[in-house]
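Working notes, beginning with the structure itself.
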Amino acid sequence: MSTTSRISLRSPILDTRMDDLANNPREESPDSGANRLTSFNAVPVLGLTVNPERNSDDGSDADSDLEELQGDIAKFDESVREFLASHHGSSDNAQVSRGGARGRGARGPRKAAKPRGDITARLSRVNQAFLGGDYDQALDLAFEVIRINAETHQAWTVLASIFRERGENDRALSAMVYAAHLRPKDVSGWVSCASFALDTIAENEAGNLHTARLCFSAALRAEPTHLDSRLGKAAVCHRQGHFSAAISEYKLILKRRPYDLDTVRKLAEACVDSRKVATAVPSAIQAYREFFDHEANLDRHQTFLWHDIGVYVELFASAERYQEGICQLKSLSRWLVGRSSEHYWDGWTADDREWDAGAARRSSVPEFDAINTNDALYGEALPRDLRIRLATYRLRLGHESEALLHMEWLNPSDAESKEFAIDFPFLVYELATELAHCGRHSQAIKYYELLRAIPGDPDPATLLQLGRCYLTLEEQPTAEECFLAAIDVDEDSIDARIELANMYERAREDEEALILAAEAMALREARDLSGAGASSMGALTSAPLLEISKHGLERRRKAPSVRPKGKPTGSKDDAKKPVIPKRYRAKRLAGPDKRLQDEQARAVKLSHQYEVVRDLKRKILAGRNDLLLSWMSTSQELVDDFRSLKRFYTWDKYLGFLGSRGPSQVSGVVPPDSELSQMYERLTRSIAPHGDQHGRELGRSSLMSHEGISFEDWLDLFLDYAIALAILHRREEAYQICQAAKDSTVFQSSEHGFAIYVAWSVCAIYTGDEERCVATARYLMRDGAMTDSYRMFALLSRLCQSPVSWYTSGPAQKFILRQIKAIDARHDGAMMQLWEHGRADGGVGDSDLPTTSIDVCLLMLYGHILFTSTSYAYSLG
1 MSTTSRISLR
11 SPILDTRMDD
21 LANNPREESP
31 DSGANRLTSF
41 NAVPVLGLTV
51 NPERNSDDGS
61 DADSDLEELQ
71 GDIAKFDESV
81 REFLASHHGS
91 SDNAQVSRGG
101 ARGRGARGPR
111 KAAKPRGDIT
121 ARLSRVNQAF
131 LGGDYDQALD
141 LAFEVIRINA
151 ETHQAWTVLA
161 SIFRERGEND
171 RALSAMVYAA
181 HLRPKDVSGW
191 VSCASFALDT
201 IAENEAGNLH
211 TARLCFSAAL
221 RAEPTHLDSR
231 LGKAAVCHRQ
241 GHFSAAISEY
251 KLILKRRPYD
261 LDTVRKLAEA
271 CVDSRKVATA
281 VPSAIQAYRE
291 FFDHEANLDR
301 HQTFLWHDIG
311 VYVELFASAE
321 RYQEGICQLK
331 SLSRWLVGRS
341 SEHYWDGWTA
351 DDREWDAGAA
361 RRSSVPEFDA
371 INTNDALYGE
381 ALPRDLRIRL
391 ATYRLRLGHE
401 SEALLHMEWL
411 NPSDAESKEF
421 AIDFPFLVYE
431 LATELAHCGR
441 HSQAIKYYEL
451 LRAIPGDPDP
461 ATLLQLGRCY
471 LTLEEQPTAE
481 ECFLAAIDVD
491 EDSIDARIEL
501 ANMYERARED
511 EEALILAAEA
521 MALREARDLS
531 GAGASSMGAL
541 TSAPLLEISK
551 HGLERRRKAP
561 SVRPKGKPTG
571 SKDDAKKPVI
581 PKRYRAKRLA
591 GPDKRLQDEQ
601 ARAVKLSHQY
611 EVVRDLKRKI
621 LAGRNDLLLS
631 WMSTSQELVD
641 DFRSLKRFYT
651 WDKYLGFLGS
661 RGPSQVSGVV
671 PPDSELSQMY
681 ERLTRSIAPH
691 GDQHGRELGR
701 SSLMSHEGIS
711 FEDWLDLFLD
721 YAIALAILHR
731 REEAYQICQA
741 AKDSTVFQSS
751 EHGFAIYVAW
761 SVCAIYTGDE
771 ERCVATARYL
781 MRDGAMTDSY
791 RMFALLSRLC
801 QSPVSWYTSG
811 PAQKFILRQI
821 KAIDARHDGA
831 MMQLWEHGRA
841 DGGVGDSDLP
851 TTSIDVCLLM
861 LYGHILFTST
871 SYAYSLG
């Protein structure tokens, strides 16, 4: 039945009442206002605005009046029932339900009142619209309910469902959190909010982690014994980097479930990740010890516990308690293989003869019965990963001979060893590192090469250590190759650059050594200023970060925990911008044939890339706008390659391009007496003056191309790429490209400068930078004072859609005024010369007076600037 037909069935008295209500809006009842939040405080949380006016589809005022009447009737019926109950001896219960006497009764939030009749009716319509798929209508109706009573739990729940269906996860989460606040004792509501925040964490990692942690905390306040909430909170704290809080939560869980292996593993991971490993690790050790004792008392031999033994002993190693770790490893391994009764092996701590492949050394132990024992329970029974841990710990204790016996089980040339390296790369790396520390570089190289052969991208830390080993063995070309490979994999590697710089300085490659030293200083400054603290050597050489997997305790790379929020419009995407631009690095210590081969391959690559750029540009001009990103990617590689070449720039410009400001300006980051700063200063004094002269000579030479591409084409590529960046609102990058073209020694002619500044002004127009528009226009006027240049100033200021503050600024007015005064000065000088010459010749006639040839555009430009700045009297002049 339609709304109109329903109204026609009502009595004239009710119709009159409806007209009065339409003309005079009714007042809200006191009870409805008591449960309502003021001014829709909850709605802005969702980032929405609610129209307080009634939607035409929500029904007439008469329907609302009827719903309110039904609600009043329901409240009257409820009061009658309470009155009758009080006369039947149930008044006490009624009093308790209403909160009890002052100072008595249950403490906490009051129980939510039963929804009024009009609220119930509206919620029914919200559900019908939602189930029918009309989310917009359901949204309007839900907000109408919230406008009437913002404490309606079901309205917020439906609102969250609507937002989830529409893919607006942030608003859905806000609605869920508000609904949970309305029922603070409902643990499931808080857990649902936290789970949803973690499920949608990719959209806002830092914010969602914070929300999930608060929700888990609220659930624990409602029910402190809810272990799932405590586990969730501990996991969130761990992910946020709050390791102490995570450790505390895991300890509380273990008090209630002391032998839960999964919780023990998580506690161990949090302890090792903690910055205070020495103080945190003992709690994880104690938890594991209690777990193993419990399993031993039950006489259960679980084979899946092998990797937990690895975790357990690695905890001792992280605290540098290697001897205790060895004893625990051997004891627990003996228990798992079924020889827990052989306690006499605990007395043999100086060696590991118990786990030898043969029984020769075991037979010398008096308690050992070589005849009645099974050899399969000794040497072969120990897993290889635990044996390699034994070898590493023995090397750290200085027991090299014992370690070499264990290393016989891991031959780098065997196929099984390659599979082991794939499964346990961290253990192989640690073993190789300890061999290098002991001076066994040849053996260490074998294990490093085993890691390098693993499929996938090589680890920069492995390449760095491998290069150091080759350098110790005086194999400089191979070491150079390893260091260059480490930089290719990890663009922020500082140690690889320092090693290369030292090598090149000894080899008299001072220019490249200075460049590497400048890069290392810029990287160290950026790292320390950002508070990174972690070394950029690679994943395996940073602070001990371990994770528990099916292979035991492994090293992992620590990723950033937060992503910057609120990026301004036009900022670059989320990809991390490198501190040092990637560039081509020639092998300086390789043989002449190898270097020539590399240069030829590079020239072919650049020529092919340039042809690809030209082809993509033709297609884009023909309408293929989908190829723009491909064109920009290829163009960036070419532009960066050109910018990375020192011979096209002076030393001060090139070092600025690398981000180096010299040790004098970053003394707080790089100490003046450090080896790196001393090398930088030494190389700067010996090389920089000659390098600048070389750059100037190159700019004046007849060289017209680079890698077969003319400099004119290179400049076009620079400017096209800069304008494309500006179109994408990447202003700073576009300006950097224009600045790089301006600083190059091969783009110094007046024609080149004009083209660069015109392109720069185009970038400023696309990015709405009026200050830059005025600055480039002033440059064009300065270098070519003509009518077109004055028109260009006005045109650029007009095209930039921004306030006129820079167009009418004091510097702009003074610059134009200086132009006019210069013309006046030239005219006055000519008059004085003519006057003095006329006095000598007997007089000056009117025909001899010079004419004033001031540009009209210049006067009009100055007048417009004065007029726009409200200097009307001066503009009339």
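Reading the sequence shown from the start, the letters are residues 1 to 877 in UniProt numbering.
Quick reminder that beta carbons are idealized off the backbone N, C-alpha and C, glycines included.
Note that the coordinates shown come from a computational prediction; the quantities given were computed from them, not determined experimentally.
Asked                                                                                                                                                                     : Found
Can you pull the DSSP bridge partners for Ile-709?                                                                                                                        : His-706
Sort Thr-472, Ala-590, Val-264 by Cα distance to Leu-305 and report the nearest one.                                                                                      : Val-264
List the endpoints of the continuous alpha helix (DSSP H) containing Cys-327.                                                                                             : 322-336
How many angstroms separate the CA atom of His-399 from the CA atom of Ser-413?                                                                                           : 24 Å
Could you tell me which of Ala-734, Leu-715, Leu-139 sits nearest to Ala-724, measuring between CA atoms?                                                                 : Ala-734
Reducing DSSP to helix, strand and coil, say where Gly-566 ends up.                                                                                                       : Confidence at Gly-566 is low in this model, with a pLDDT of 35, below 50, so its placement is unreliable and no value can be given for it.
What runs of the alpha helix (DSSP H), each 4 residues or longer, lie entirely inside the stretch 411-448?                                                                : 415-423, 425-437
Anyone know if the C-beta pair for Arg-250 and His-294 falls short of 8 Å?                                                                                                : Checking the sequence, you will find Tyr at residue 250 rather than Arg. The answer is no: Cβ separation not under 8 Å.
Considering only C-alpha positions, which residue in the set Ala-461, Glu-416, Arg-527, Gly-456 is nearest to Glu-430?                                                    : Ala-461
Does the distance from the C-beta atom of Arg-362 to that of Tyr-378 stay below 8 Å?                                                                                      : yes
What three-state label does DSSP hand Asp-593 in the structure shown?                                                                                                     : helix
Count the other CB atoms within 10 Å of the CB of Gln-323; is the residue buried (16 or more) or exposed (fewer)?                                                         : exposed
Output the distance between the C-alpha atoms of Ala-764 and Ala-284, rounded to the nearest integer angstrom.                                                            : 59 Å
Which value, in whole angstroms, describes the spacing of the CA atoms of Trp-656 and Ser-749?                                                                            : Rather than Trp, the amino acid found at residue 656 in this sequence is Gly. Their backbone Cα atoms lie some 22 Å apart in a straight line.
Can you name, in chain order, every residue of its own chain whose Cβ lies under 6 Å from the Cβ of Lys-742, other than the five neighbours on each side?                 : Ile-756
Rounded to whole angstroms, what's the CA-CA distance from Leu-383 to His-437? Just pull it up for me.                                                                    : Note that residue 383 is Pro in the sequence shown, not Leu. Between Pro-383 and His-437, the C-alpha separation is close to 25 Å.
Specify whether the stretch 199-212 and the stretch 166-175 touch according to this definition: at least 3 beta carbon pairs, one from each stretch, less than 8 Å apart. : yes
Looking only at its chain, what residues have a beta carbon closer than 6 Å to the beta carbon of Ile-326, apart from the 5 residues adjacent to it on each side?         : Tyr-393
Could you check what DSSP says for Gln-302 in three-state terms: helix, strand or coil?                                                                                   : coil
Applying the criterion that 16 or more other CB atoms from any shown protein chain within 10 Å of the CB defines a buried residue, is Tyr-447 buried or exposed?          : buried
Classify Ser-364 as buried or exposed, calling it buried when 16 or more other Cβ atoms lie within 10 Å of its own Cβ.                                                    : exposed
Would you check if the stretch 483-498 and the stretch 579-586 touch, i.e. whether three or more CB-CB distances between them fall below 8 Å?                             : yes
Can you give me the start and stop residues for the alpha helix (DSSP H) that Arg-647 sits inside?                                                                        : Neither: Arg-647 is in no alpha helix (DSSP H) and is coded neither H nor E.
Under 8 Å by Cβ, that's how I've got Trp-345 and Arg-334 pegged, so tell me the actual separation to the nearest angstrom.                                                : 7 Å
Counting Cβ pairs closer than 8 Å, one from the stretch 157-168 and one from the stretch 129-136, do we hit at least three?                                               : yes
Quick check: the Cα distance between Gln-328 and Ala-218, rounded to an integer number of angstroms?                                                                      : 41 Å
Just verifying my parser: in three-state terms, what is the DSSP assignment at Tyr-312?                                                                                   : helix
What whole-angstrom Cβ distance do Leu-123 and Glu-151 have, given they're in contact under 8 Å?                                                                          : The pair is not a contact, with the Cβ atoms about 13 Å apart (cut-off 8 Å).
Buried or exposed for Pro-592, going by 16 or more other Cβ atoms inside 10 Å?                                                                                            : exposed
Taking the C-alpha atoms as reference points, what is the distance between Ser-705 and Lys-587?                                                                           : 23 Å
The ligand NAD and Gln-302: does the residue's C-beta get closer than 7 Å to at least one heavy atom of that ligand?                                                      : The ligand NAD is not part of the structure shown, which contains no ligands of any sort.
Assuming Leu-397 and Ile-309 are in contact, meaning their beta carbons sit under 8 Å apart, how far apart are those beta carbons, in whole angstroms?                    : Their Cβ separation, rounded to whole angstroms, is 19 Å, which puts Leu-397 and Ile-309 out of contact at 8 Å.
When you compare only the Cα positions, how much space is there between Ser-630 and Arg-647?                                                                              : 29 Å
Which same chain residues, not among the five before or five after Leu-46, have their C-beta less than 7 Å away from its C-beta?                                          : Confidence is the limiting factor: at Leu-46 the pLDDT is only 45, short of 50, which leaves the residue's position unreliable and the question unanswerable from this model.
Within 10 angstroms of the Cβ of Asp-375, are there 16 or more other Cβ atoms? Answer buried if so, exposed if not.                                                       : exposed
Return the first residue and the last residue of the alpha helix (DSSP H) that residue 922 is part of.                                                                    : This structure leaves residue 922 out entirely; the chain is present only between 1 and 877.
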